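Student: Quick one: structure below, then a few questions.
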Amino acid sequence: MNGVQNAPDTRIRAHKTPAIATQIALRRPRGSDAIPIRELVAETGVLDLNSTYAYLLLATDFAETSIVAEVAGDLHGFITGYQPPSRPDVLFVWQVAVAPRAQRGGLAAAMLDSLVAHVRSQRGHAPLTVEATVAPGNASSRAFFGAFARRHGVPLREHPHFTAAQLDPDQAHEDEPLLRIGPLA
Ligand SMILES: CC(C)(COP(=O)(O)OP(=O)(O)OC[C@H]1O[C@@H](n2cnc3c(N)ncnc32)[C@H](O)[C@@H]1OP(=O)(O)O)[C@@H](O)C(=O)NCCC(=O)NCCS
1 MNGVQNAPDT RIRAHKTPAI ATQIALRRPR GSDAIPIREL VAETGVLDLN STYAYLLLAT
61 DFAETSIVAE VAGDLHGFIT GYQPPSRPDV LFVWQVAVAP RAQRGGLAAA MLDSLVAHVR
121 SQRGHAPLTV EATVAPGNAS SRAFFGAFAR RHGVPLREHP HFTAAQLDPD QAHEDEPLLR
181 IGPLA
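Here the sequence shown is numbered in full-length UniProt numbering, starting from 1 and rising by one per residue.
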């Protein structure tokens, strides 16, 4: 992921919206992406909206484990992630979003495949497990991670993890069980 990738994969080239298919670029995030990332999170209406400062940290200090998708200079999607310090064989995917106008065209799948390939290459192609927490009610996210596991032929296992009580004193937030996908080797 050195700068902008000018040769997006076949899934992106086959995006249902031709204007998106011809202009999409995947690249590592930078500081100027923090505000558009936050705006995109707000646009989805389902993700927890964090501070611009948090997204700025992700877009700078965690840029090697995050990715953005641009169409003609506009942010259309992103993935933020990190490698837990005590478990460098894990890529924890924190948030994934694709603009509603660009969904169901393979953009999130292409971002995750590209990000995983980048992290694996940085680690000398050692095995890597992808983790994410997904609320039981987030069907599109579950479908997205399930499709990733099938595409790579690896198991997806679910474990109890963050609880509603930990996330909100009024328990208005759903539990966030952990999905573990892999190892990819
Ligand atoms: C989840 C999300 C990122 C998927 O982005 P996307 O670009 O539309 O996903 P893709 O087109 O790459 O689809 C990848 C796979 O996920 C599945 N999928 C994606 N959205 C789906 C939906 N709404 N319903 C069912 N399956 C869905 C597709 O079946 C596809 O699998 P396939 O290629 O085997 O058919 C997008 O719907 C989104 O931004 N949602 C709001 C934010 C969110 O919930 N983020 C995830 C939690 S962190």
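Each residue gets a CB set at the ideal place from its N, CA and C atoms; glycine is no exception. Bear in mind the structure is a predicted one, so any value in this text is a computation, not a measurement.
Under the criterion of a Cβ to heavy atom distance below 6 angstroms, does Thr80 qualify as lining ligand 1?
Tutor: Taking the sequence shown and counting its residues from 1, one reaches residue 80 at position 80. No, since every heavy atom of ligand 1 falls outside the 6 angstroms radius drawn around the Cβ of Thr80.
Student: For a quick check, are the C-beta atoms of Leu91 and Leu40 less than 7 angstroms apart?
Tutor: Walking along the sequence shown from the start, residue 91 turns up at place 91. Walking along the sequence shown from the start, residue 40 turns up at place 40. No, these two residues do not count as a Cβ contact at 7 angstroms.
Student: Here's the rule I'm using: 16 or more other beta-carbon atoms within 10 Å means buried, otherwise exposed. How should Gln166 be labelled?
Tutor: For the purposes of this step, residue 166 is taken as residue 166 along the sequence shown, with counting starting at 1. It counts as exposed.
Student: Across the stretch 86-101 and the stretch 42-50, are there enough close Cβ pairs to call them in contact, namely three or more that are closer than 8 angstroms?
Tutor: yes
Student: On the DSSP letters alone, give me the boundaries of the beta strand (DSSP E) that Gln95 sits inside.
Tutor: By one-based count along the sequence shown, residue 95 stands at place 95. Element bounds for Gln95: Val90 to Val98.
Student: Spell out the partners DSSP gives residue 189 in its beta bridges.
Tutor: This structure does not reach residue 189, given that the chain is present from 1 up to 185, and the question cannot be answered.
Student: Roughly how many angstroms separate the alpha carbons of Arg184 and Asp113, rounded to a whole number?
Tutor: Start at 1 with the first residue of the sequence shown, and residue 184 comes out as number 184. Start at 1 with the first residue of the sequence shown, and residue 113 comes out as number 113. Rather than Arg, the amino acid found at residue 184 in this sequence is Leu. Computed Cα separation, rounded: 11 angstroms.
Student: Quick one: what does DSSP say Arg30 is sitting in, helix, strand or coil?
Tutor: Against the sequence shown, residue 30 aligns to sequence position 30. Of the three classes helix, strand and coil, the one that applies to Arg30 here is coil, per DSSP.
Student: How many angstroms separate the CA atom of residue 189 from the CA atom of Gly182?
Tutor: Outside the displayed span of the chain (1 to 185) sits residue 189, for which this structure offers no information.
Student: Let me know the secondary structure DSSP gives Asp113 once reduced to three states.
Tutor: To locate residue 113, count along the sequence shown from 1; it is residue 113. Correct three-state label for Asp113: helix.
Student: When the Cα atoms are used, what is the spatial distance from His159 to Leu128?
Tutor: Start at 1 with the first residue of the sequence shown, and residue 159 comes out as number 159. Start at 1 with the first residue of the sequence shown, and residue 128 comes out as number 128. One C-alpha to the other measures close to 18 angstroms.
Student: Is there at least one non-hydrogen atom of ligand 1 closer than 6 angstroms to the beta-carbon of Gln166?
Tutor: For the purposes of this step, residue 166 is taken as residue 166 along the sequence shown, with counting starting at 1. For ligand 1, not one heavy atom lies less than 6 angstroms from the Cβ of Gln166.
Student: Run the proximity test for Gly137: is its beta-carbon closer than 6 angstroms to any non-hydrogen atom belonging to ligand 1?
Tutor: In the sequence shown, counting from the first residue as 1, residue 137 sits at position 137. Gly137 Cβ: outside cutoff for every heavy atom of ligand 1.
Student: Quick one, which of Pro136, Arg157, Pro100 and Phe145 has its alpha-carbon nearest Ala42's?
Tutor: Here residue 42 refers to the residue found at position 42 of the sequence shown. Ala42 has its Cα closest to that of Pro100, out of Pro136, Arg157, Pro100 and Phe145.
Student: Of the choices Thr52, Arg123 and Ala135, whose alpha-carbon is the least far from that of Glu174?
Tutor: Here residue 174 refers to the residue found at position 174 of the sequence shown. Residue nearest to Glu174 within the set Thr52, Arg123 and Ala135 is Ala135 (criterion: CA-CA distance).
Student: Compare the beta carbon distance of Ala69 and Thr52 with 7 angstroms and say whether it is the shorter of the two.
Tutor: Your numbering for residue 69 matches position 69 in the sequence shown. Your numbering for residue 52 matches position 52 in the sequence shown. For Ala69 and Thr52, no; Cβs fall outside 7 angstroms.
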